[in-house]
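Visitor: Attaching a single structure in structure tokens format; questions to follow.
Chains as they are written, first to last, in the working numbering: chain W, 14 to 420; chain U, 14 to 420.
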């Protein structure tokens, strides 16, 4: 007998028929003798509907009131799912974030979970009930309703699993697992049976939208095994777990890619200590996250700096860079929105040499020019022209034979 | 400067445009220097939409889960209204029933308010904020979400007004006050400027749907003046207040009428002590409310009993009566759904004689046969054939000159 958290996303509870199917799935698990805690999102479309009403009133809704509004979406789902379970003869009870005391900080619309009171959950489980908890929401110390940001229900699921010491947190979604790369780009992409937290974090932050990145970080911190699987199919999905030695045999686990960045280049600035600091301090002050940075120096004592940031911060960062450029006497500031970042990810890189070279060769073979490079212990990323992005993904997937290797 | 509770019904906050208009109205009151606490219902149609989803899942949804579901309707309204107030420059905050601790008993879907913590409300008012509270909902002692039943937001408004000692509870609705009778039946019906709690209770229980009856009983108990008025017009509506001596000059204040009852007659039962008790005990055991009862005896030692009950209990009561009738050897059980009850209501009746006679004469003049009669200290009710119901209302409205008298 195991203690299992099952999280169902908005598509899985998108209408009454689907809610009934989810109830069947939960009851199946319960009948196998397990204790089940369920976390649900709002019915798909509901959060957007609520947001749309808010924005009809004001462009800048107050965070507290927005959370008050959005938290209703999950409250509807949990009540309906509890009813569906009861209607099928399974005793069940729904709980808001407030009722199971999911305590967060007070950062409305992007709150972070601090603690969860597991006592209430265990009391209900001990009576044979399925416990249905609203995802995405909590309360702060003053009893104000908070929400965790988009995808926050994943984090709720993992946080509850951590708080009650669950054996596993199953994340049911509309894809059937984590793939070696985006199957829309590479049809022979293979579903991974296992992936480590660190690899998943790199995959998630690079645009594989299967799991919310914060939930993976949470799972890693508390060592909660996650099972990502389809709501609509029976077969197993992908386990996201602590790295073990067998994983190191695989050099590259997956290829991620994103088109969501832009590149800014500032040319002809003095090559002196403190110049780069001045630029990136200004950008950090505006809460803009810089991803990759490269600097070249030339013989005339001047330097060029290029960096990438997310598309949404692009305009703001360009303006800032132009201002600083004027101060520093830069010769030029360039803005390039047509880039793609392609990454090879795998914990095996730690113990294998020549991975970078293999990446560069694979791209060179396709005549794809590399604009920027960055690496971490388990990742090699290359920025290329946007039009070569998908071609680069296919080349790397092929070079590391990901369609065939077993993870 | 006054302390004012303003309650807005579902129609008043039925869409975004109306919510903005309600915000204007609140700000107007606030600008006059008053402190304002607002109670809102769910947007019109919302509660039915939620109920409909529940009934797609099961015919018998659990009360606790139904309350969990329905409470979201008001939570959406309060958040949107608070945003609308803020967008217009008025500081405001929304609160669920849980957050201002509207403590109820645990009777899900028809809970009764036990107490309200006014401390939180005053803290916000003292900071110059408009306090927006979700109507219809509360929590029980275990923190379970409860709802107060249809029209419960009126009761929330009055209960909050009582708890904080408000000067008045304004109920904004889609009619502009309480009329001497239904204007659809008598076009010259007049809007009353004042009516006593007791009269309003009689009017409400007889089918004048302006105010939820429980809210009036609450207002009477705590002596909270209610002002029923239109959300869409500026002019004053009707004050529902404690009876004063001037009201006694008016013999009849209004004419109420309902078609929502049926009549059951059991004939030829033994005219012995305890027979009626046996019948009505059985009916009470099934939670059926009996309204009027009359008993005739004949020379042969047998009796006939007629009584009225609400239409929805009709079938159940008929079945019960037939069973008891068999036991008692009744000769016949009759069922009459075609009745109407017409009532003249006024606190002045206490000090005036001949009111009943005037009622009977007015009906006789129209050749309307009276089937049953019942009276209270401030009411005379007659059951007539359904087809004469509206004619009877017009006759009584006319007989007491209600179109002209000033209340």
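Even glycine gets a Cβ: it sits at the ideal position worked out from N, Cα and C.
Leaving out the 5 sequence neighbours to the left and right, which residues in its chain are closer than 6 Å to residue 415 of chain U when beta-carbon positions are compared?
Guide: Taking the second chain and counting its residues from 1, one reaches residue 415 of chain U at position 402. Taken in chain order, the residues that qualify are 193.
Visitor: How about residue 109 of chain U and residue 81 of chain W: are their beta carbons less than 9 Å apart?
Guide: Taking the second chain and counting its residues from 1, one reaches residue 109 of chain U at position 96. Taking the first chain and counting its residues from 1, one reaches residue 81 of chain W at position 68. Going by C-beta atoms, residue 109 of chain U is nearer than 9 Å to residue 81 of chain W.
Visitor: So residue 95 of chain U contacts chain W; which residues on that side make the cut at Cβ distance below 8 Å?
Guide: Your numbering for residue 95 of chain U matches position 82 in the second chain. 75, 78 and 81, listed in chain order.
Visitor: Would you say residue 109 of chain U faces chain W, with C-beta separation under 9 Å as the test?
Guide: Within the second chain, residue 109 of chain U is the residue found at index 96, counting from 1. By this cut-off, residue 109 of chain U is an interface position.
Visitor: Would you mind sorting residue 276 of chain U into buried or exposed? The rule is 16 or more other CB atoms within 10 Å of its CB.
Guide: Translated into the one-based positions of the second chain, residue 276 of chain U becomes position 263. When all chains shown are included, residue 276 of chain U counts as buried.
Visitor: Going along the stretch 25–50 of chain U in order, which residues come within less than 8 Å of chain W, judged by CB to CB distance?
Guide: 29, 32 and 33
Visitor: Compare the C-beta of residue 63 of chain U with all C-beta atoms of chain W and state if any pair is closer than 9 Å.
Guide: In the second chain, residue 63 of chain U corresponds to position 50, counting from 1. At least one chain W Cβ lies under 9 Å of residue 63 of chain U.
Visitor: Strictly by DSSP, which residues pair up with residue 51 of chain U?
Guide: Reading the second chain from its first residue, position 38 is the one you call residue 51 of chain U. Paired residues: U:19 and U:145.
Visitor: In whole angstroms, what separates the C-alpha of residue 290 of chain W from that of residue 337 of chain W?
Guide: Looking up residue 290 of chain W in the first chain gives position 277. Looking up residue 337 of chain W in the first chain gives position 324. Residue 290 of chain W and residue 337 of chain W: Cα-Cα distance of roughly 11 Å.
Visitor: Tell me the rounded alpha-carbon separation between residue 420 of chain W and residue 37 of chain W.
Guide: Residue numbering aside, residue 420 of chain W sits at position 407 when the first chain is read from its first letter. Residue numbering aside, residue 37 of chain W sits at position 24 when the first chain is read from its first letter. Note that residue 420 of chain W scores a pLDDT of 47, beneath 50, so its modelled location is shaky and nothing firm can be said.
Visitor: Does the distance from the CB of residue 202 of chain W to the CB of residue 150 of chain W come in under 9 Å?
Guide: Reading the first chain from its first residue, position 189 is the one you call residue 202 of chain W. Reading the first chain from its first residue, position 137 is the one you call residue 150 of chain W. Going by C-beta atoms, residue 202 of chain W is not nearer than 9 Å to residue 150 of chain W.
Visitor: Quick one: Cα of residue 287 of chain W to Cα of residue 341 of chain W, how far?
Guide: Against the first chain, residue 287 of chain W aligns to sequence position 274. Against the first chain, residue 341 of chain W aligns to sequence position 328. Rounded to the nearest angstrom, the two C-alpha atoms are 11 Å apart.
Visitor: Per DSSP, residue 270 of chain U is paired with what?
Guide: One-based indexing of the second chain puts residue 270 of chain U at position 257. U:355, per the DSSP bridge assignment.
Visitor: Spatial neighbours of residue 119 of chain U within its chain, please: CB distance less than 8 Å, with the 5 preceding and 5 following residues excluded, ordered by chain position.
Guide: Counted from its first residue, the second chain places residue 119 of chain U at position 106. Around residue 119 of chain U: 153, 154, 155, 157 and 159.
Visitor: Is there at least one Cβ from chain B nearer than 9 Å to residue 146 of chain W's Cβ?
Guide: Absent from the structure: chain B. Protein chains present are W and U.
Visitor: Please classify residue 20 of chain U: is it buried, with 16 or more other beta-carbons within 10 angstroms of its beta-carbon, or exposed?
Guide: The residue given as residue 20 of chain U occupies position 7 in the second chain. Buried, since its Cβ has 16 or more Cβ neighbours within 10 Å.
Visitor: According to the neighbour-count rule (16 or more other Cβ atoms, all chains shown, within 10 Å of its Cβ), is residue 72 of chain W buried or exposed?
Guide: Here residue 72 of chain W refers to the residue found at position 59 when the first chain is read from its first residue. Classification of residue 72 of chain W: exposed, given that the 10 Å Cβ count is below 16.
Visitor: Measure the C-alpha to C-alpha separation of residue 100 of chain W and residue 51 of chain W and round it to an integer number of angstroms.
Guide: For the purposes of this step, residue 100 of chain W is taken as the residue at position 87 of the first chain. For the purposes of this step, residue 51 of chain W is taken as the residue at position 38 of the first chain. Straight-line Cα distance between these residues: approximately 17 Å.
Visitor: Express the C-alpha separation of residue 214 of chain W and residue 259 of chain W in angstroms, rounding to a whole number.
Guide: In the first chain, counting from the first residue as 1, residue 259 of chain W sits at position 246. In the first chain, counting from the first residue as 1, residue 214 of chain W sits at position 201. Cα to Cα, the separation comes out at about 19 Å.
Visitor: Who are the Cβ neighbours of residue 47 of chain U in its own chain at under 8 Å, not counting the five residues just before and after it?
Guide: Mapped onto the second chain, residue 47 of chain U falls at position 34. If we look at residue 47 of chain U and ignore the five residues flanking it on each side, its Cβ neighbours are 14, 15, 16 and 17.
Visitor: Can you give, in chain order, each stretch of the beta strand (DSSP E) that sits fully within the stretch 234–263 of chain U and has at least 3 residues?
Guide: 239–243 and 251–254
Visitor: Is residue 255 of chain U buried or exposed, if buried means 16 or more other CB atoms sit within 10 Å of its CB?
Guide: The residue labelled residue 255 of chain U in the question sits at position 242 within the second chain. Answer is exposed; the Cβ neighbour count stays below 16.
Visitor: Taking only runs of the beta strand (DSSP E) that begin and end inside the stretch 286–361 of chain U, which ones reach a length of at least 3 residues, in chain order?
Guide: 303–310, 315–323, 345–349 and 352–358
Visitor: Helix, strand or coil for residue 105 of chain W per DSSP?
Guide: To locate residue 105 of chain W, count along the first chain from 1; it is residue 92. DSSP places residue 105 of chain W in strand when its eight states are reduced to three.
Visitor: What does residue 69 of chain U reach in chain W if we use C-beta pairs closer than 8 Å?
Guide: Counting from one through the second chain, the residue named residue 69 of chain U turns up at place 56. Those are 29, listed as they occur along chain W.
Visitor: Closer than 9 Å, CB to CB, is residue 156 of chain U near chain W or not?
Guide: Position 143 of the second chain, counted from the start, is the residue given in the question as residue 156 of chain U. Yes, its Cβ sits closer than 9 Å to a Cβ of chain W.
Visitor: Helix, strand or coil for residue 431 of chain W per DSSP?
Guide: The structure shown does not extend to residue 431 of chain W, since chain W spans only 14 to 420, so no value can be given for it.
Visitor: Distance cutoff 9 Å, beta carbons only. Does residue 92 of chain W sit that close to anything in chain U?
Guide: In the first chain, counting from the first residue as 1, residue 92 of chain W sits at position 79. Yes, its Cβ sits closer than 9 Å to a Cβ of chain U.
Visitor: Applying a beta-carbon distance threshold of less than 8 Å, which residues of chain U neighbour residue 88 of chain W?
Guide: Position 75 of the first chain, counted from the first residue, corresponds to residue 88 of chain W. Within 8 Å Cβ-Cβ: 81, 82, 84, 85 and 88.
Visitor: Expressed to the nearest angstrom, what Euclidean distance is found between the alpha-carbon atoms of residue 3 of chain W and residue 126 of chain W?
Guide: Outside the displayed range of chain W (14 to 420) lies residue 3 of chain W, so it cannot be described from this structure.
Visitor: Rounded to the nearest angstrom, how far is the Cβ of residue 43 of chain W from that of residue 103 of chain W, given a contact under 8 Å?
Guide: Reading the first chain from its first residue, position 30 is the one you call residue 43 of chain W. Reading the first chain from its first residue, position 90 is the one you call residue 103 of chain W. Going by Cβ atoms, the distance from residue 43 of chain W to residue 103 of chain W rounds to 6 Å, so yes, they are a contact pair.
Visitor: Could you tell me which residues DSSP pairs with residue 150 of chain U in its beta bridges?
Guide: As a first step, residue 150 of chain U must be located in the second chain, where it is residue number 137. Looking at the DSSP assignment, residue 150 of chain U forms a beta bridge with U:160.
Visitor: Please classify residue 420 of chain W: does DSSP put it in a helix, a strand, or coil?
Guide: Here the question's residue 420 of chain W lines up with position 407 in the first chain. Bear in mind that the predicted position of residue 420 of chain W carries a pLDDT of just 47, short of 50, making it too unreliable to give a figure here.
Visitor: Closest to residue 404 of chain U by CA distance: which of U:304, U:67, U:90 and U:380 is it?
Guide: Numbered from its first residue, the second chain carries residue 404 of chain U at position 391. It is U:380 whose Cα lies nearest to the Cα of residue 404 of chain U.
Visitor: Quick one: what's got a C-beta closer than 7 Å to residue 263 of chain W's C-beta in the same chain, skipping five residues either side?
Guide: Here residue 263 of chain W refers to the residue found at position 250 when the first chain is read from its first residue. The residues are 359, 361, 418 and 420.
Visitor: Which residue from U:205, U:389, U:140 and U:132 puts its Cα closest to that of residue 178 of chain U?
Guide: Along the second chain, read from residue 1 onward, the residue named residue 178 of chain U stands at position 165. With distances taken between Cα atoms, residue 178 of chain U lies closest to U:132.
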